[in-house]
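*Asks:* For the first sequence, the numbering used here assigns the number 294 to the initial residue and increments by one for each residue that follows. First the structure, which I've put down as structure tokens, then a few questions once you've had a look.
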Amino acid sequence: MVKTYSSNFISTTIENHLKEGKYKEVITRFPPEPNGYLHIGHIRAITLDFEMAKLFNGKTNLRFDDTNPTKEDIEFVNSIKEDINWLGYKWDNLFWASNYFDELYNRAIILIKKGLAYVDDQSAEEISRTRGTLTEPGIESPFRNRSIEENLSLFERMKNKEFPEGSKVLRAKIDMASPNMNMRDPVIYRITYTSHHNTGDKWCIYPMYDFAHPLSDAIEGITHSLCSLEFEDHRPLYDWFVRECEMENTPTQIEFGKLYLSNTIISKRNLRKLVEEKYVDGWDDPRLATIRGLRRRGYSPEALKEFVFDTSVSKTNAVVDYQQLEHYIREDLKLSAPRTMAVLRPLKVIITNYPEGQVEYLDEPINKEVPEMGMRKIPFSREIYIEQDDFMEVPIPKYYRLYPGNEVRLANAYFIKCTDVIKDEKGNITEIHATYDPETKSGSGFTGRKVKGTIHWVDAKHNIPCEIRLYDHLTIENEETKDLPVFEKLNPNSLEILNGYVETDLKDVKPYDKFQFNRHGYFVVDPKDTKDNKIVFNRIVSLKSSFKI
RNA sequence: AGGACUAUAGCCAAGCGGUAAGGCAAUUGGCUCUGAACCAAUCAAUCGAGAGUUCGAAUCUCUCUAGUCCCGCCA
């Protein structure tokens, strides 16, 4: 069954448009600016753009909004494409806003000819100063009433590189007294002598977002232009440009709330700082909420998408608890990941009554939830490793695992009873001695007596040493602020590296293979790191709180 | 002379005039060869506040309050 959004205010709006005949088909677009890596916050926008179109058998374009050469880099283009593909989406067309520069220029001329745009010679600082404030109207530019002929000529000369950067802009002539700041004669073209990745040095004037975006949408025949809440105030301007530039198609802009995760760093600026100042391994560090990070962390696109689909779309910016995301990851892995025993912090146990030199192979279900996955054979002998915290010399109340005199089950094997605790001269526990009961073999149907605890183990001779990384999400104490001391509040325990053991049949493991290490949670084979030929496992997510001690 | 938007449990939310869905989290039991999973039960007597309209209001109206966004030649 293919999951998608259940109906939401966007889908019902689109449905109504179709019903009323406002549009005959649905075309959406995902319009990233190539100036950074995609992160979890983008997934809602991506899925909404693609899924809404899919719902109505429409199309979705990928359009790079590359109207500002000073901030953009082709480096990001490929990563964005890769991430969208990884999420499982295919765009119907790949477009660039920069491909519309000629058309946009001509539309600006239409505006000038209608007396709705003018060249302003004021400096950026003057324009800013005369824009007014939130509570006071702006002041009209002294250049606002230039003749159409003069504006036409000036604009052409701007294009012809006759004026220095910053000396002139083209502005829409709307209303300097509008309560909506966006309508106070917005700048629509600025002069920038920066080479553009696509158009090179052909242009020195570049259109602003507010002008380029609605017209690009109209040019492509976009019907529904989905964007985030902060663009609500831009909608009147969006409609104004589409109307006054006499575009044939009239797209509808619909705004939705963004999706944030609690205490998670998501802003491009802070993400970049983390990477550049080497707080993390790179853009794909498993602790980051970038799409690449989540991927390397072991999250699947399906889990991510289900999470986003089930987190209803509304007009509030939602801050969702991380545990909500983790729930979907566990749900996904529960039925797909093979189970295996692993010991992260080893403690040796010698089973004193087990014959020396004997090895037997026991059956272990690969995933009890999914019997079709079958069984595997695991070696068992006299010496094994168990988890350090599965033993307590002095048990606390309600501790069901191993302690002197207590009997527990070794999963898939036998009951063992702790007989001795061996320590070094410093008093540290070095090994445990235990006895086993052959009658209690797993699968034998033994019912003679019961034990309260079952613990996991790995054979001490037959195993694979590996490096295990326990990642936590890189969190900050409070919601992300604009101030940088944020980095002093980073979770210091975001990475713990352990050397442990896994079962022998994991030796042919491949990058991105996922497993459940029983109680320890779900793990993925890291695609990048191999330490001394050791397998490196990243913890994807832990199981839900295990011990209520 | 400010404007736009939002407000339903710890978090995300459905609801659109007929008497408060669901998910996450939490709590309590049960079960268990993973203290997981699973199963069962519990979890909104101010739906931001107040007033009004109505037989009936979370839903309509008014006023207020709180939060978010808007004063880039960024997107």
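Glycine included, every Cβ here is placed at the ideal spot set by N, Cα and C. All figures in this text were calculated on a predicted structure; none of them were measured in a lab.
(1) Where does Y531 fall in DSSP's three states?
(2) If you follow the alpha helix (DSSP H) that F349 is in, where does it begin and where does it stop?
(3) Name the DSSP bridge partner or partners of I655?
(4) CB M501 to CB I481, shorter than 7 Å?
(5) Look at the alpha carbon of A346 and the alpha carbon of K551, and state the distance between them as a whole number of angstroms.
(6) Among the candidates P435, P430, V462, whose CA atom is the shortest distance from the CA of M469?
(7) Within 10 angstroms of its Cβ, does I833 collect 16 or more other Cβ (buried), or is it exposed?
(8) With DSSP run on the structure shown, which of helix, strand or coil describes H332?
(9) In terms of alpha-carbon separation, which member of L311, H310, E318, R337 lies closest to S607?
(10) Would you report the Cα separation of F816 and P631, rounded to the nearest angstrom?
(11) Hey, A753 and I689: beta-carbon distance below 7 Å or not?
(12) By DSSP, does P507 sit in helix, in strand, or in coil?
(13) Taking its Cβ as the centre, do 16 or more other Cβ atoms sit within 10 Å of R536, making it buried, or is it exposed?
(14) According to DSSP, is T797 part of a helix, a strand, or is it coil?
(15) Starting from Y398, follow the alpha helix (DSSP H) in both directions and report where the run begins and ends.
(16) Do N831 and D819 have their beta-carbon atoms positioned less than 7 Å apart in this structure?
(17) With a threshold of 8 Å on Cβ separation, who are the neighbours of I643 within its own chain once the five nearest residues in sequence on each side are excluded?
(18) Once you ignore the five residues that flank G425 on each side, which residues in its own chain have a CB closer than 6 Å to its CB?
(19) Can you tell me where the alpha helix (DSSP H) holding V370 begins and where it ends?
(20) Specify whether the stretch 340–358 and the stretch 552–567 touch according to this definition: at least 3 beta carbon pairs, one from each stretch, less than 8 Å apart.
(21) My guess is that W904 and P594 are in contact by the Cβ rule of under 8 Å, so how many angstroms apart are they, rounded?
(22) By a C-beta neighbour count over all protein chains shown, 10 Å radius and 16 as the cutoff for buried, is P324 buried or exposed?
(23) Do T360 and A390 have their beta-carbon atoms positioned less than 7 Å apart in this structure?
(24) Below 6 Å CB to CB, which residues in the same chain sit around V652 once its five sequence neighbours on both sides are set aside?
(25) What three-state label does DSSP hand K743 in the structure shown?
(26) Look at the Cβ atom of I584, then the Cβ atom of I303, and state whether they are nearer than 7 Å.
(27) Can you round the beta-carbon distance between L655 and N705 to whole angstroms, since I take them to be within the 8 Å contact cut?
(28) Which of helix, strand or coil does DSSP assign to G493?
(29) With DSSP run on the structure shown, which of helix, strand or coil describes Y482?
(30) Does DSSP put F549 in a helix, a strand or coil?
(31) Taking all protein chains shown into account, decide if Q616 is buried (16 or more other Cβ within 10 angstroms of its Cβ) or exposed.
(32) Rounded to a whole number of angstroms, what is the C-alpha to C-alpha distance between D730 and Y707?
(33) Is the stretch 737–749 in contact with the stretch 791–805, if contact means three or more CB pairs nearer than 8 Å?
(34) For K452, which of helix, strand or coil comes out of DSSP?
(35) Provide the residue span of the beta strand (DSSP E) that contains L387, from first to last.
(36) Do L463 and A410 have their C-beta atoms closer together than 7 Å?
*Replies:* Quick look at the numbers:
(1) helix
(2) Careful: F349 lies outside any alpha helix (DSSP H) and carries neither H nor E.
(3) The amino acid occupying residue 655 in the given sequence is Leu; Ile does not appear at that position. DSSP, once it has assigned bridges, lists I671 as partnering L655.
(4) yes
(5) 19 Å
(6) P430
(7) buried
(8) strand
(9) The shortest Cα separation from S607 among L311, H310, E318, R337 belongs to R337.
(10) When the Cα atoms are used, F816 and P631 turn out to be separated by approximately 10 Å.
(11) no
(12) helix
(13) Per the 10 Å Cβ criterion, exposed.
(14) helix
(15) 394–406
(16) D819 places its beta carbon less than 7 Å from that of N831.
(17) These residues qualify, in order along the chain: R675, E676, E724, I725, H726, A727.
(18) G431
(19) 368–379
(20) no
(21) The chain is shown only over 294 to 842; residue 904 falls outside these bounds and no answer can be derived.
(22) buried
(23) A contact, by the Cβ cut-off of 7 Å.
(24) P672, S674
(25) coil
(26) no
(27) 5 Å
(28) strand
(29) strand
(30) Strand, per DSSP.
(31) exposed
(32) Each residue's alpha carbon lies about 6 Å from the other.
(33) no
(34) DSSP places K452 within a helical segment (H, G or I) once states are collapsed to three.
(35) 386–389
(36) yes
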